[in-house]
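Chemist: Chains as they are written, first to last, in UniProt numbering: chain B, 1 to 225; chain H, 1 to 257. No residue lacks a Cβ here, since even glycine has one placed at the ideal position from N, Cα and C.
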Ligand SMILES: Nc1ncnc2c1ncn2[C@@H]1O[C@H](COP(=O)(O)OP(=O)(O)OP(=O)(O)O)[C@@H](O)[C@H]1O
Ligand SMILES: [Mg+2]
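#1: Name the two residues that bound the continuous alpha helix (DSSP H) containing residue 131 of chain H.
#2: Less than 7 Å between the beta carbons of residue 162 of chain H and residue 193 of chain H, yes or no?
#3: Please compile the residues from chain B whose C-beta is within a distance smaller than 8 Å of the C-beta of residue 92 of chain H.
#4: According to DSSP, is residue 248 of chain H helix, strand or coil?
#5: Between residue 88 of chain H and chain B, is there a C-beta pair that is closer than 7 Å?
#6: When we look at the beta-carbon of residue 26 of chain H and count the other beta-carbons within 10 Å, is it buried (16 or more) or exposed?
#7: Going by beta carbon distance, what residues of the same chain come within less than 8 Å of residue 143 of chain B, once the five residues before and after it are set aside?
#8: For residue 119 of chain B, which residues in chain H fall below 7 Å Cβ to Cβ?
#9: Can you find a CB in chain H that lies within less than 7 Å of the CB of residue 143 of chain B?
#10: Below 8 Å on the Cβ atoms is my guess for residue 140 of chain H versus residue 189 of chain H; work out the distance and round it to an integer in Å.
#11: Please list the residues of the region 137 to 161 of chain B that have a C-beta atom closer than 8 Å to any C-beta atom in chain H, keeping them in chain order.
#12: Does the distance from the C-beta atom of residue 91 of chain H to that of residue 128 of chain B stay below 7 Å?
#13: My assumption, with CB atoms under 8 Å, is that residue 212 of chain B sits in contact with residue 154 of chain B. Please give the rounded CB distance.
#14: Would you say the beta carbon of residue 221 of chain H is closer than 6 Å to some non-hydrogen atom of ligand 1?
#15: Which first and last residues belong to the alpha helix (DSSP H) in which residue 107 of chain B is found?
#16: Hey, is residue 120 of chain H's beta-carbon within less than 7 Å of any beta-carbon in chain B?
#17: With a threshold of 7 Å between beta-carbons, can residue 112 of chain H be considered close to chain B, or not?
#18: In whole angstroms, what is the alpha-carbon distance linking residue 34 of chain B and residue 132 of chain B?
#19: I'd like to know whether the C-beta of residue 7 of chain H is nearer than 7 Å to at least one C-beta of chain B.
#20: Got a list of residues with beta-carbon closer than 5 Å to any non-hydrogen atom of ligand 1, in chain order?
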């Protein structure tokens, strides 16, 4: 089998894979920034006392977690034009990834905030801090530490999920593999190359997770002279 | 140092904390049952009683960590729970020391102390840090300003927590079993700081079973059981001559160990 494996063709398609990789990276970066925004908003709503804010946030999170990303993607891709909203494929893709990952990010941030012991809230309340001061000075800095590793985990999931955008013909990494597969009838070459690039992205993010974990783990013991 | 409440001027300003028929329920559990109690300026009141009798709840109502459901609670001339009362502002006048210290783990000892003065009182940072170092020296931790809570012993953490409250220059200090999470050898270093605070004339309510402390600085011991104040009197009198069966049984238990 390997004697038929054409490294030359892969070489020929390398510029296309390169473009796909670049697209995957930057659309992931934008989508993840969007997911953070959506997640913070949902989490803020979810932590309020008012039911009018909590219930929609919870419902949104449930719907996103209960339905496949592909269904959500098609829903936006075919549904938005029906509402008269015509957007480029790439924008629809980024929107879908942000809205989808945002639900998971919201739960990660909420778990981080809830992991802060009750006593921290009470101590800051007792000292006369306002809600915003408490969040900014006491709760979020501590929650930040515990949310970084799971957030990077979610980023890894989202990078892989971005492969689905190939189905709405966004020219990202998987799409490059598809082109090689269909133009030259070389699916093995196409998708093994794609897999290798995803593996590379995975190791980059994992390295970041390890580094941040090590850095944050040192946290309180570091002297800040 | 003996102090006498009879030196205080009489009239409505001679009371800093006043409970009038205060009731509170957790669901169907009646945790505070018709509490009436007043604390005068510079007075030190020790609250004791069996576990679950409502001691923590009693002092947590004073700064609004818990809400009362019936009766009147007036602190520093402001009605607690009244929509017209700015609770956030009132809390700046009340220091609260927790059993579990609750220092901010991501802040150094000095930062723990200066955080509220800088952000709540709007004290300039340099001034807050100067005051903070003085307070740390006062609680015997002058060299620990750069240490994180995880690097301090329980006794040291509790002393930082007391300094953190004092940094706000409160009118009242509340303590909820400040020494019960400590190893025995660290209890006295914390009690000594509390005695010093009391001797400077701070108004204090202290939930504790440390009778030595009560004897040294308290004017009054309040004994609670099942949400009610069962007995109240001078420490010497209460410890040597308890009047109710319940307080006798309670003192018998804490004296035995
Ligand atoms: N948030 C809460 N919700 C429900 N019940 C509570 C709550 N906090 C306290 N209780 C109950 O109220 C009662 C009084 O509690 P409280 O903590 O005031 O007692 P305590 O005298 O401080 O006891 P301990 O010596 O154990 O600290 C207890 O029965 C307790 O279980
Ligand atoms: Mg208690």
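Modeler: Reading off the structure:
#1: Against the second chain, residue 131 of chain H aligns to sequence position 131. 125 to 138 is the extent of the alpha helix (DSSP H) around residue 131 of chain H.
#2: Within the second chain, residue 162 of chain H is the residue found at index 162, counting from 1. Within the second chain, residue 193 of chain H is the residue found at index 193, counting from 1. Closer than 7 Å, so yes.
#3: Your numbering for residue 92 of chain H matches position 92 in the second chain. Under the 8 Å cutoff, chain B gives 127 and 128.
#4: Translated into positions along the second chain, residue 248 of chain H becomes position 248. Here residue 248 of chain H sits in helix by DSSP.
#5: One-based indexing of the second chain puts residue 88 of chain H at position 88. Taking Cβ atoms only, chain B reaches closer than 7 Å to residue 88 of chain H, which makes this a yes.
#6: Counting from one through the second chain, the residue named residue 26 of chain H turns up at place 26. Counting every other CB atom within 10 Å of its CB across the protein chains shown gives residue 26 of chain H a total below 16, marking it as exposed.
#7: Looking up residue 143 of chain B in the first chain gives position 143. Within the same chain, residue 143 of chain B has close Cβ partners 109, 112, 113, 115 and 116.
#8: Here residue 119 of chain B refers to the residue found at position 119 of the first chain. The contacting residues are 98, 100 and 102.
#9: Locating residue 143 of chain B in the first chain gives position 143, where the first residue counts as 1. Under the Cβ criterion of 7 Å, residue 143 of chain B is not counted among the residues facing chain H.
#10: As a first step, residue 140 of chain H must be located in the second chain, where it is residue number 140. As a first step, residue 189 of chain H must be located in the second chain, where it is residue number 189. At roughly 7 Å, the Cβ-Cβ gap stays under 8 Å, so residue 140 of chain H and residue 189 of chain H are in contact.
#11: Only 137, 138, 141, 142 and 145 from the region 137 to 161 of chain B bring a Cβ to less than 8 Å from some Cβ of chain H.
#12: As a working mapping, residue 91 of chain H is identified with position 91 in the second chain. As a working mapping, residue 128 of chain B is identified with position 128 in the first chain. Yes, Cβ-Cβ distance for residue 91 of chain H and residue 128 of chain B is below 7 Å.
#13: Here residue 212 of chain B corresponds to residue number 212 of the first chain, with the count starting at 1. Here residue 154 of chain B corresponds to residue number 154 of the first chain, with the count starting at 1. Their Cβ separation, rounded to whole angstroms, is 14 Å, which puts residue 212 of chain B and residue 154 of chain B out of contact at 8 Å.
#14: To locate residue 221 of chain H, count along the second chain from 1; it is residue 221. Taking non-hydrogen atoms of ligand 1 into account, the C-beta of residue 221 of chain H is found less than 6 Å away from none of them.
#15: The residue given as residue 107 of chain B occupies position 107 in the first chain. Residues 89 to 114.
#16: Taking the second chain and counting its residues from 1, one reaches residue 120 of chain H at position 120. Closer than 7 Å: yes.
#17: Position 112 of the second chain, counted from the start, is the residue given in the question as residue 112 of chain H. No, its Cβ sits nowhere closer than 7 Å to a Cβ of chain B.
#18: In the first chain, counting from the first residue as 1, residue 34 of chain B sits at position 34. In the first chain, counting from the first residue as 1, residue 132 of chain B sits at position 132. Looking at the two C-alpha atoms, the distance is approximately 23 Å.
#19: In the second chain, counting from the first residue as 1, residue 7 of chain H sits at position 7. Only weak support is given to the placement of residue 7 of chain H: the predicted model assigns it a pLDDT of 43, under 50, and the value that follows is read from those uncertain coordinates. Residue contact check for residue 7 of chain H against chain B: no CB pair falls below 7 Å.
#20: Residues flagged by the Cβ proximity filter: H:26, H:31, H:51, H:52, H:53, H:54, H:55, H:56 and H:57.
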